[in-house]
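In what follows, a single structure is set out as structure tokens and then discussed.
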Amino acid sequence: AYIDDVIIYSKTFEEHLSHLKEICQLLKDTRFRLNPEKCEIARTRTEYLGHQITNGEIRPSPHNVNGLLHTQVPQTADEACKFVKAAEYYRKFIPNFSQIAEPLRKFVPTTRTQQKKEQKTKITLAADEIKAFEELKRFLTTDLVLRLPNNRSPFKVQTDASDEGIGAVLLQIYPEGDRPIAYLSKKFTQAQRKWSPMEQECYAFICALDKCHNYLSGIKFTWETDHKALTQLNQKAQINKRCERWRLKILEYDFKVKHIPGLTNSMPDYLSRSPVEDATEDPDETFFTASQSTQTDHELYNRCYHVVSAVQTRSAKL
1 AYIDDVIIYS KTFEEHLSHL KEICQLLKDT RFRLNPEKCE IARTRTEYLG HQITNGEIRP
61 SPHNVNGLLH TQVPQTADEA CKFVKAAEYY RKFIPNFSQI AEPLRKFVPT TRTQQKKEQK
121 TKITLAADEI KAFEELKRFL TTDLVLRLPN NRSPFKVQTD ASDEGIGAVL LQIYPEGDRP
181 IAYLSKKFTQ AQRKWSPMEQ ECYAFICALD KCHNYLSGIK FTWETDHKAL TQLNQKAQIN
241 KRCERWRLKI LEYDFKVKHI PGLTNSMPDY LSRSPVEDAT EDPDETFFTA SQSTQTDHEL
301 YNRCYHVVSA VQTRSAKL
């Protein structure tokens, strides 16, 4: 549930009737009232929090996207800011959203004082800013679909590192092909740029595990890398202290590592050369955390709990 929007998911119609009865009884006991005109029962497709959910897939709401597509070229800084923030709500559907939207970022105020000062400031978009505006609208016209994860299909992680940073993709394997579940790219700090190739490639996997911990913890999966030395990481008798600490973290997971040619590792390679997340320090002492927030990413899907709170809660060390 989110505020007063409640969604009830069931695997079968009979189970759904049981869930409805249970929820209605709870609402009755606490003297909550429902508006019948706003209730939808036994739907296979529904709109929820600006998304259309159906049959294991999630799309942006056509109504919301249509409003963005009809947005005129911004004439004020406030209009440009509102467009960027509205499009950002669907960033997980748009590859390299941060990189595409970067020319328009300067219109997003960083303080409340700046927001009030620049709200009505007249602007004329430069060529690169207009290109970014049109590119975001172009992506929104495509059929943007993400596959929700399930427990029946095996997971696969692909990672890569370049001179600029790291990239990773979490996929699930289906008969018709691999389906991406989550993407990751991050820049290197100046210190990380001096690491050995093996350290950089291993760091990419550590970041992927951190990002996708909720998916990968407690299950078997495959890790694919084009760095052949990493396939023998657990067998190496002597490695430096940093890789040794990472190896201890990696051993918490149940996976097999597979070497793949660099040409077939195209998506992680592209993400590593176009990183969109800011650089962070070496996570040698990182603890994996669980948090709950209003973000619409489906990282907690298929977990034993489904809670969304109105504000970001404090992360807890596990």
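First residue of the sequence shown: 1, per the UniProt record's numbering; consecutive thereafter. The C-beta atom is built at its ideal place from N, Cα and C for all residues, glycine as well.
I'd like to know whether the C-beta atoms of residue i and residue j end up nearer to each other than 8 Å.
| i | j | result |
| --- | --- | --- |
| Tyr203 | Ile166 | yes |
| Cys212 | Lys186 | no |
| Pro60 | His70 | no |
| Arg247 | Leu233 | yes |
| Asp5 | Leu49 | yes |
| Val169 | Glu57 | no |
| Ala126 | Phe107 | no |
| residue 320 | Thr76 | Residue 320 lies beyond the range of the chain shown here (1 to 318); nothing can be said about it. |
| Thr222 | Lys194 | no |
May I ask which residues mark the beginning and end of the alpha helix (DSSP H) holding residue i?
| i | result |
| --- | --- |
| Phe107 | That residue, Phe107, is in no alpha helix (DSSP H); it is neither H nor E in DSSP. |
| Leu170 | Where Leu170 is concerned, there is no enclosing alpha helix (DSSP H), although the beta strand (DSSP E) it sits in stretches over Gly165 to Tyr174. |
| Gly262 | From DSSP, Gly262 is part of no alpha helix (DSSP H); its letter is neither H nor E. |
| Ala126 | Taken as a continuous stretch (DSSP letters only), Ala126 belongs to no alpha helix (DSSP H), as it is neither H nor E. |
| Gln99 | Phe97 to Ala101 |
| Glu15 | Phe13 to Asp29 |
| Phe205 | Pro197 to Lys211 |
| Phe83 | Ala77 to Glu88 |
| Pro62 | Pro62 to Leu69 |
Could you give the residue range of the beta strand (DSSP E) that holds residue i?
| i | result |
| --- | --- |
| Glu47 | Arg45 to Tyr48 |
| Ala182 | Gly177 to Lys187 |
| His51 | His51 to Thr54 |
| Lys220 | Lys220 to Thr225 |
| Arg242 | From DSSP, Arg242 is part of no beta strand (DSSP E) but of the alpha helix (DSSP H) over Lys241 to Ile250. |
| Phe155 | Phe155 to Ala161 |
Counting only the same chain and skipping the five closest in sequence on each side, list residues whose C-beta sits under 8 Å from that of residue i.
| i | result |
| --- | --- |
| Ala132 | Ile100, Ala101, Glu102, Pro103 and Leu104 |
| Gln172 | Arg147, Pro149, Asn150, Ser153, Pro154, Phe155, Lys156, Asp178, Arg179 and Ile181 |
Could you tell me which of the options sits nearest to residue i, measuring between CA atoms?
| i | options | result |
| --- | --- | --- |
| Lys258 | Arg245, Leu233, Thr225 and Asp210 | Thr225 |
| Arg112 | Asp78, Cys24, Lys236 and Ile239 | Asp78 |
| Ser196 | Asn55, Glu14 and Asn240 | Asn240 |
| Ile8 | Trp223, Asp29, Thr30 and Thr44 | Thr44 |
| Pro74 | Ile123, Glu201, Ile250 and Asp163 | Ile123 |
| Ser217 | Gln235, Leu230 and Leu251 | Leu251 |
| Leu209 | Ala191, Tyr183 and Lys194 | Tyr183 |
| Leu68 | Glu199, Trp223, Lys256 and Tyr90 | Tyr90 |
| Glu164 | Ala191, Phe32, Lys28 and Ile23 | Ala191 |
| Asp143 | Thr110, Phe93 and Glu135 | Phe93 |
| Gln72 | Gly262, Thr231 and Glu134 | Glu134 |
| Asn64 | Leu26, Glu88 and Arg31 | Glu88 |
What does a CB cutoff of less than 6 Å around residue i pick up in its chain, not counting 5 residues either side in sequence?
| i | result |
| --- | --- |
| Lys220 | Asp254 |
| His227 | Glu201 |
| Lys249 | none |
| Phe205 | Thr159 |
| Glu47 | Ser61 |
| Met198 | Ala229 |
| Pro175 | none |
Quick one: what's got a C-beta closer than 7 Å to residue i's C-beta in the same chain, skipping five residues either side?
| i | result |
| --- | --- |
| Ser10 | His16 and His19 |
| Thr296 | In this prediction, Thr296 scores a pLDDT of 45, lower than 50, which makes its location untrustworthy; the coordinate-derived value is nonetheless stated afterwards. Closer than 7 Å at the Cβ level, and outside the excluded window around Thr296, lie Leu49 and His51. |
| Phe13 | Ala42 |
| Glu129 | Pro103 and Leu104 |
| Thr286 | Only weak support is given to the placement of Thr286: the predicted model assigns it a pLDDT of 44, under 50, and the value that follows is read from those uncertain coordinates. Answer for Thr286: Asp210, listed in chain order. |
Counting only beta-carbon atoms, is residue i nearer than 8 Å to chain B?
| i | result |
| --- | --- |
| His19 | Looking for chain B here will not work: only one protein chain is present. |
inquiry  = With three or more beta-carbon pairs closer than 8 Å as the criterion, would you say the stretch 28–37 touches the stretch 67–87?
reply    = no
ask   = Are the stretch 157–164 and the stretch 128–144 touching by the rule of at least three beta carbon pairs closer than 8 Å?
value = no
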